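Numbering (this note's numbering), first residue to last: 170 to 333.
Here the structure comes first, spelled out in structure tokens, and everything after it is commentary.
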């Protein structure tokens, strides 16, 4: 299944194993059940996928039309009464970075990057490597790719305890 929900103690883990823009309706449908847990982790999975024929990238990478679906998901996550942590097993860009930044916490794989757009009159886009993302506070933790999910669950538990 492309989108799964599992519970690890008091943390609901939603794993997305396809591009997030096509999976966002499924993720939104799981949120009410996931919110019954003390915290939620949104995990991009470990699989790499092709996006519109481009080079392989993280499953969190959106297609050009992804903005609306990801924006709706971002609003739905913001409405949850529990903390949400993004577990980014690879690189992320565009609206998906906005989604991750809307979460209470973020864990990024050591080799990952965040594609960031900034500016007002002139937009500038650049890739932010994991070490810089950690140093500047864009992410809370950088861990080996194989440890992203476990670190995100730990961070979600910390967020839950701080709130509780």
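Glycine is no exception: its CB is placed at the ideal position from the N, C-alpha and C atoms.
Quick caveat, the model's predicted, so the values are computed rather than measured.
Item to complete: Could you pull the start and end residues of the alpha helix (DSSP H) that residue 322 belongs to?
Response: 317-332
Worksheet item: How about the segment 295-314 and the segment 272-284: do they share at least three Cβ pairs that are nearer than 8 angstroms?
Response: Yes, the segment 295-314 is in contact with the segment 272-284.
Worksheet entry | Contact under 8 angstroms by Cβ, residue 209 with residue 251 | In contact: residue 209 and residue 251 (Cβ atoms closer than 8 angstroms).
Worksheet item: Name the DSSP bridge partner or partners of residue 284?
Response: Residue pairing for residue 284: DSSP places it in a beta bridge opposite 296.
Discussion item. Looking at residue 273: is its Cβ nearer than 8 angstroms to the Cβ of residue 315?
Written reply: no
Worksheet item: If you run the structure through DSSP and keep just helix, strand and coil, what is residue 207?
Response: Coil at residue 207, not helix or strand.
Worksheet item: Under the three-state reduction of DSSP, which class applies to residue 133: helix, strand or coil?
Response: With the chain covering 170 to 333 only, the question about residue 133 has no answer from this structure.
Fill in: residue 324 vs residue 276 beta-carbon contact at 8 angstroms
One thing to note: residue 324 has its Cβ within 8 angstroms of the Cβ of residue 276.
Worksheet item: Who does residue 251 pair with in a DSSP beta bridge?
Response: DSSP, once it has assigned bridges, lists no residue as partnering residue 251.
Discussion item. Going by beta-carbon coordinates alone, are residue 256 and residue 303 separated by less than 8 angstroms?
Written reply: no
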